[in-house]
Structure formats: C-alpha cells, structure tokens
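Okay, so here's the structure we're looking at.
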C-alpha cells in the first residue's frame, strides 16, 4: 500500500502544493505579446497574458494538429482561472478554445499535452475537479467544443491524472493516473473515444512496486506500452515499466539508491520515454546522476540500462522534466534549471550520449524560462515549446 498525505494523495516528492510555490516565485511583472531573439536562433513567440484570457503556466508541451496549428493547455488562468485549451499558428498569437471551470463537472488544472486521435478530435486530461473531484478525460474539437467523457474517482479507476494520453494501435487511448486505484498508487487505464474506461493496472501492490506515474505511455514497436514512475521500485527512486495492451505488467528497471546525493543512473523520472530508430527507449531523470542534477538514459525493451549523460547543473543545465523528442539521428530536450542564467536550457543529444546545448533560457528579460513541457517538431522544421517563466508562461520557437 502506498503512503498517502493528509489530502489522500499518494506521497509525491514534487506535490502540486510545492509546484505552486515554485510558480509563485517565478511570477513577476507580466507583459503582453512580445518577441525576442537570441544568437542561437531561439525566439519567444508569445508571452501569455491573463488580461487576454490566455491562460497561464503551461506545464504541457504543444502538439501540431492536422490543420497545421499548434494546440496546448495551460494549468491555470482563462476566464475561470482553472486552465485553458488553446491553439496557435506557428508565428502567431494563441486563441483560447476553452476555459475550464465554467461548471464543476468539466474539470480543471490540466498538466498534460493533448493528443489528436484518428477521429480528428483532441483528447486530454484534467488533474482536478470533475463530477467526483478527481480529474477528468475530455474530448475537444478543433473548433473548441468540449465534452467530458470520463470523471475519475467514482471507484478504483484512479485519480488526478497528470499524464497525456496516447492513441494505441487498436484505436483506444491509454494513460496513467498519479494516485487512486485499488492501492492508492495510481493506475494505467485505457479509454475509448466514447468514454468506456478499463483499468489495466493499479500501482502499489507491494512496497517495491512502481507508483505515482507522472508521464504518459509510449507504445513501442513490440506493441507493448512503456512508461516511468518517480516513486516506488526496489530502491524507492522510481522505475521503468512495461505493460501489454491486455494489462500484463512488469517493472523492467528500478533506479538505484543515492549515496552522498549521487548515483550512476539517476532518480525520480518525471519524463516519459521515446523510442529511437535503434529500438531502444530514451528518457530522462530529474535527479540523481554524478551531481544529482539528473541524467539521460537509454533502455532496451528487455531492461538493459545505459546512462548516457549526467547533468552538472552548470552550463549544460539541470533537472530535466520533459520527455525527449526524436529529430533526425538525435534527440532534443530541455532542462528546467541550470544553464548560464539558471533558468534552463535546450539541448541535443546523440544516441551515444554526446550532448550540446542549443539554447540557454533567460538570455534577456523577454526570453522564455523554466521549460517543463516537451518540444514538438512542426512541419516547418522548427521546434516549439512552452515555458513557465517570462511572467506567467510563454510559447517559444527553436530554429
């Protein structure tokens, strides 16, 4: 059974209360639309503005729709200060499609990015509210018509989903919840686009089981799904797991204990996995490694683990929170801290672990800062992302 805090939520090293405190520290004089460029080709495309009902604090990355627009969510702000869904054209200003909180049952506080399913609609999760107060799964059309298709918390289906959904090869959507389920440690579930939910696994069956998944799943070439948890495992520092579409679950790697605040492989993975062209799965940990500033790693579907890079907390950045994105023969990612301005970095890493910093955030007062969401490569060849800094959040481009 997983230890829970006084709110009934599974113990979580970066609880929402702590995240909120960090966000308050970042909030400063908030600007309207602004653009800035740096020598490495990065540019802040848009700074979110509460006065325009833009929403604020986009923890989630963007996805590109079939229409070429980029779609995303904000954790708060909007007409009801419960978060938003928005779209933005590459190079343009965002349009708010929906403001959560207009009624109690529609959910709020979305952490996760969206997925566009084969039916053309977008699907996402809310970490709070809904009919049972434990979060929701929603469908939203490209025009902004939102339908709640599931409310968590009525039974052992899970609670407080912080992860994005992924569309499986069978057409169902697969996701995770951070808490709830039969043991309180979260769940893995599948849901049809009409809202029929099946709980595939409840975390926390014993003290060494995985628990508290924060990231979404990845369906690999073998048709199985792979993911990470920042809690649980043999050493309590998180896991990499595998689950079949039918629900057969196994932990394929447990991150090791820290000794003198360091280890070799990393600890507390909040980011999801991405499969490379070599068949390996690539990911990041927020802590651990040689300096306790996080690592990048690869792992085979069978569980053979290799540490690719340990962040130093200096110019290379620290504490990566976002999943990697495959571009060409390498991967791009971000760190939430470190760098020359201690406001994060964007980097490229090869499958062998050679890392180069491509942007240091916070280069000027209007530059983006503190990215938590994953990058997305758009059809124009540029990478787009979101950040929590620059007031109450921004959308940026990396050429």
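Residue numbers (mature numbering (1 follows the signal peptide of the UniProt record, and there is no 0)): -31 to -1, 1 to 368. Note that CB positions come from ideal geometry on N, CA and C, so glycine has one too.
Rounded straight-line distance, which links the Cα of residue j to that of residue i
| i | j | result |
| --- | --- | --- |
| residue 3 | residue 175 | With a pLDDT of only 39 at residue 3, under 50, the local geometry of the prediction cannot be trusted, and no value is derived from it. |
| residue 226 | residue 287 | 19 angstroms |
| residue 306 | residue 366 | 18 angstroms |
| residue 218 | residue 348 | 36 angstroms |
| residue 243 | residue 280 | 19 angstroms |
| residue 103 | residue 144 | 15 angstroms |
| residue 74 | residue 64 | 23 angstroms |
| residue 292 | residue 343 | 5 angstroms |
| residue 203 | residue 177 | 5 angstroms |
| residue 341 | residue 290 | 6 angstroms |
| residue -4 | residue 246 | With a pLDDT of 26 at residue -4, under the threshold of 50, the predicted position of this residue should be treated as unreliable, and no value is reported. |
| residue 330 | residue 101 | 39 angstroms |
| residue 115 | residue 26 | 21 angstroms |
| residue 123 | residue 154 | 16 angstroms |
| residue 160 | residue 97 | 18 angstroms |
| residue 230 | residue 282 | 14 angstroms |
| residue 67 | residue 45 | 12 angstroms |
| residue 353 | residue 37 | 13 angstroms |
| residue 311 | residue 238 | 21 angstroms |
| residue 61 | residue 308 | 28 angstroms |
| residue 382 | residue 361 | Past the boundaries of the shown model lies residue 382; the chain is included only from -31 to 368, so the question cannot be answered. |
| residue 258 | residue 268 | 16 angstroms |
| residue 193 | residue 146 | 18 angstroms |
Option nearest residue i by Cα separation, candidates the options
| i | options | result |
| --- | --- | --- |
| residue 76 | 61, 129 and 347 | 129 |
| residue 200 | 232, 180 and 191 | 180 |
| residue 47 | 17, 168, 249 and 248 | 17 |
| residue 250 | 187, 284, 304 and 234 | 187 |
| residue 327 | 285, 363 and 121 | 285 |
| residue 191 | 110, 127, 271 and 28 | 271 |
| residue 277 | 355, 39, 184 and 317 | 317 |
| residue 240 | 22, 346, 28 and 72 | 28 |
| residue 216 | 255, 184, 172 and 87 | 172 |
| residue 260 | 248, 268 and 228 | 228 |
| residue 332 | 294, 193, 148 and 315 | 315 |
| residue 335 | 359, 351 and 346 | 359 |
| residue 140 | 323, 83 and 88 | 88 |
Assumed close pair residue i, residue j - CB separation to whole angstroms, cut-off 8 angstroms
| i | j | result |
| --- | --- | --- |
| residue 422 | residue 142 | Residue numbering for the chain in the displayed model covers -31 to 368; residue 422 lies beyond these limits and cannot be assessed. |
| residue 94 | residue 58 | Not confirmed; about 25 angstroms, so no contact. |
| residue 224 | residue 252 | So it is not a contact: roughly 11 angstroms between Cβ atoms. |
| residue 262 | residue 275 | About 19 angstroms; that fails the 8 angstroms criterion. |
| residue 41 | residue 55 | 6 angstroms |
| residue 52 | residue 81 | Not quite, the Cβ-Cβ distance comes to about 11 angstroms (not below 8 angstroms), so this is no contact. |
| residue 150 | residue 125 | 5 angstroms |
| residue 304 | residue 297 | Wrong, their Cβ atoms sit about 21 angstroms apart, outside the cutoff. |
| residue 319 | residue 299 | 5 angstroms |
| residue 369 | residue 105 | Residue 369 is absent from the model: the chain starts at -31 and stops at 368. |
| residue 157 | residue 118 | Not confirmed; about 18 angstroms, so no contact. |
| residue 221 | residue 209 | 5 angstroms |
| residue 196 | residue 182 | 6 angstroms |
| residue 214 | residue 127 | With a Cβ gap of about 18 angstroms, residue 214 and residue 127 do not count as contacting. |
| residue 235 | residue 198 | About 13 angstroms; that fails the 8 angstroms criterion. |
| residue 337 | residue 321 | Not confirmed; about 29 angstroms, so no contact. |
| residue 32 | residue 85 | 6 angstroms |
Coarse secondary structure for residue i, derived from DSSP in three states
| i | result |
| --- | --- |
| residue 74 | helix |
| residue 121 | coil |
| residue 250 | strand |
| residue 42 | strand |
| residue 366 | strand |
| residue 115 | strand |
| residue 219 | strand |
| residue 339 | coil |
| residue 361 | coil |
| residue 25 | strand |
| residue 315 | strand |
| residue 231 | strand |
| residue 187 | strand |
| residue 353 | strand |
| residue 197 | strand |
| residue 236 | strand |
| residue 255 | coil |
| residue 179 | strand |
| residue 83 | coil |
| residue 35 | coil |
| residue 224 | coil |
| residue 174 | coil |
| residue 103 | strand |
| residue 63 | strand |
| residue 110 | coil |
| residue 56 | strand |
| residue 93 | strand |
| residue -8 | In this prediction, residue -8 scores a pLDDT of 25, lower than 50, which makes its location untrustworthy; no coordinate-derived value is stated. |
Beta carbon proximity, residue i to chain D, threshold 8 angstroms
| i | result |
| --- | --- |
| residue 221 | Absent here is chain D; the protein component of the structure consists of one chain. |
Every unbroken beta strand (DSSP E) inside the region 268 to 312 [3 residues or more]: 274 to 279, 294 to 296 and 299 to 304
Could you tell me which uninterrupted beta strand (DSSP E) segments, each at least 3 residues in length, are contained entirely in the region 125 to 166, listed from first to last along the chain? 142 to 146 and 156 to 160
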